[in-house]
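Written out below as structure tokens is the structure these notes cover.
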């Protein structure tokens, strides 16, 4: 797995989300959203996680179970970011939706699956 490409892509995604929230809040006529303001932080959480794993146990990165774990965590971050962006857009528009909760439930399930594969990968590397 090319972890450096993942780190660069996640960092670029975080910069894009920061620019998106800045522009969207600018055109929101003074209305801002805490959900939209925090959406750009979530990819950075995964960047820090990947850097910690890479520095603590570099041999584990190439295992198949770790790849599945990374992909689950990536999908969880995408789900949370989608939910935060939609919540922010709805807040600025002055409305809401009960369906946004699905994004957070999906992210929780993906984090559980990713954690399972992470523990399995750590167990094999010992």
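Numbering (this note's numbering), first residue to last: 43 to 168. Note that the Cβ used here is the ideal one computed from N, Cα and C, for glycine as well.
* With distances taken Cα to Cα, identify the nearest neighbour of residue 108 among 166, 47, 144. => Within the chain shown, residue 108 is the residue found at index 66, counting from 1. Comparing Cα positions, the closest option is 166.
* Work out the CA separation of residue 117 and residue 86 for me, nearest whole Å. => Counting from one through the chain shown, the residue named residue 86 turns up at place 44. Counting from one through the chain shown, the residue named residue 117 turns up at place 75. Between residue 86 and residue 117, the C-alpha separation is close to 14 angstroms.
* Mind checking which residues open and close the alpha helix (DSSP H) that includes residue 94? => For the purposes of this step, residue 94 is taken as residue 52 along the chain shown, with counting starting at 1. That run of the alpha helix (DSSP H) goes 83-98.
* **Three-way DSSP call (helix, strand, coil) for residue 69 in this model** => Position 27 of the chain shown, counting from 1, holds the residue named residue 69. Judged by DSSP in its simplified three-state form, residue 69 adopts coil rather than helix or strand.
* To do: May I have the straight-line CA-CA distance separating residue 102 from residue 135, to the nearest angstrom?
  => As a first step, residue 102 is located in the chain shown; it is residue number 60 there, counting from the start. As a first step, residue 135 is located in the chain shown; it is residue number 93 there, counting from the start. Taking the straight line joining both Cα atoms gives about 45 angstroms.
* Asked: From 93, 143, 98, 148, pick the residue whose C-alpha is nearest to that of residue 48; which is it?
  -> For the purposes of this step, residue 48 is taken as the residue at position 6 of the chain shown. Nearest to residue 48 by alpha-carbon distance, out of 93, 143, 98, 148, is 93.
* To do: Classify residue 136 as helix, strand or coil using the three-state DSSP reduction.
  => In the chain shown, residue 136 corresponds to position 94, counting from 1. Note: residue 136 maps to coil in three-state DSSP.
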